[in-house]
Amino acid sequence: MKINVEGAELFIEEKGQGDAVILLHGFPLDHGMWEAQANALSASFRVVTPDLRGMGQSAVPEQAIAIERYADDVLAIMDSLGIEKAALGGFSMGGYVAFALMRKAPARFTGLILANTRPEADSPEARKNRMNMAASLYEKGPAAARDAMLPKLLTPATLETQPALVDRLRATMDAMPAEGLVHAALAMAFRPDSAALLGGIRVPTLVIAGEHDAIAPPDVMRKMADAIPGARFEVVAGASHLAPMEAPEAFSALLLDFLRNVAAS
1 MKINVEGAEL FIEEKGQGDA VILLHGFPLD HGMWEAQANA LSASFRVVTP DLRGMGQSAV
61 PEQAIAIERY ADDVLAIMDS LGIEKAALGG FSMGGYVAFA LMRKAPARFT GLILANTRPE
121 ADSPEARKNR MNMAASLYEK GPAAARDAML PKLLTPATLE TQPALVDRLR ATMDAMPAEG
181 LVHAALAMAF RPDSAALLGG IRVPTLVIAG EHDAIAPPDV MRKMADAIPG ARFEVVAGAS
241 HLAPMEAPEA FSALLLDFLR NVAAS
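Counting in UniProt numbering, the final residue of the sequence shown is number 265, and the numbers go up one at a time with none missing.
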């Protein structure tokens, strides 16, 4: 379904009933990356998976936007769906949006899941790389993101032995509007540092790393978890960056256990 937010049509998928859980996808992906988790959780929870503005089936921004714009969209979606409070999960770029939400409206979230993400702002080198990505997207279209990201999202073993998953990811990335990805790349490049936020997080938090993730390595994520009061840290064995799709059963089991504890508290 689509929800109008300040004139922009934003796509969401909703499954199940119960306490609300909102899961935010990464770059250059869409809500479909959460399919396995939405199916696993929907027997017990109301699972909402949006397409972030400019990606998937959501409208492309008409001008440059910041990470905070995506956060405002999530809050507007919650209001439109009548969701006062929800557990919040963010993967990679979705984690950056989750940090923005914890700055903006922490009282609206009952629990936090940070998957394959990191709190620091981009280094000058990383920022330059994202700006180069934005330029490549203008020149080559979404294939620029596909070619750069696919080898980083999955382990070599997965790339070789799971052709259906690889083909699905290629199709998802190739269908992305290039301009929307440009906006996302630049929003990430200039996002604020969230390291100072960690010590003030006051909701139950689950931090999930992929064993072989080079984008958000386990040691970086462990340090992040250590900085969040009471956070639980887990590593998905055998997974790279895209742990929710590379090891869907193990990842979903972690979410389900955590969310059941949040609901019971």
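Ideal Cβ positions, reconstructed from N, Cα and C, are used throughout, including at glycine.
- Message: Give me, in chain order, the residues of the same chain whose beta-carbon lies closer than 8 Å to that of M188; leave out the 5 immediate sequence neighbours on both sides.
- Response: F27, I67, M93, Y96, D122 and R130
- Query: Where do the ends of the alpha helix (DSSP H) carrying V262 lie?
  - Reply: P248 to A264
- For D174, which residues from the same chain have a beta carbon less than 8 Å from its beta carbon, with the 5 sequence-adjacent residues on both sides left out? P142, A143 and R146
- Item | Boundaries of the beta strand (DSSP E) in which R118 is found, first to last residue | Where R118 is concerned, there is no enclosing beta strand (DSSP E), given that its DSSP letter is neither H nor E.
- R232 in three-state terms, based on DSSP: strand
- Message: Using 8 Å for Cβ pairs, my map puts G111 next to I22. What's the rounded Cβ distance?
- Response: That pair is no contact at about 11 Å.
- Item | For R46, the residue or residues it bridges with in DSSP | A20
- Query: At what residue ranges does the segment 124-150 contain a whole run of the alpha helix (DSSP H), taking only runs of 4 or more?
  - Reply: 124-140
- Leaving aside the five residues before and after D193 along the sequence, list all residues of the same chain whose C-beta is less than 8 Å from its C-beta, in chain order. P119, E120 and A121
- Query: Taking one C-beta from the segment 245-258 and one from the segment 33-52 each time, how about it: are there three or more such pairs within less than 8 Å?
  - Reply: yes
- Item | Beta-ladder partner(s) of G111, from DSSP | A87
- Item | Spatial distance of S240 from G82 (CA atoms) | 36 Å
- Query: Taking DSSP as the reference, what is the three-state secondary structure of E68?
  - Reply: helix
- If you follow the beta strand (DSSP E) that L14 is part of, which residue opens it and which one closes it? Per the sequence shown, the amino acid found at residue 14 is Glu instead of Leu. E14 -> beta strand (DSSP E) spans A8 to K15.
- Query: Is it a yes or a no for the segment 2-14 touching the segment 54-64, going by three-plus beta-carbon pairs under 8 Å?
  - Reply: yes
- Query: Does the beta carbon of L88 sit closer than 7 Å to a beta carbon anywhere in chain D?
  - Reply: Here chain D cannot be found, since the structure has a single protein chain.
- Could you tell me which residues DSSP pairs with V207 in its beta bridges? L114 and F233
- Straight-line gap, R127 to E246 (C-alpha atoms, nearest Å): 27 Å
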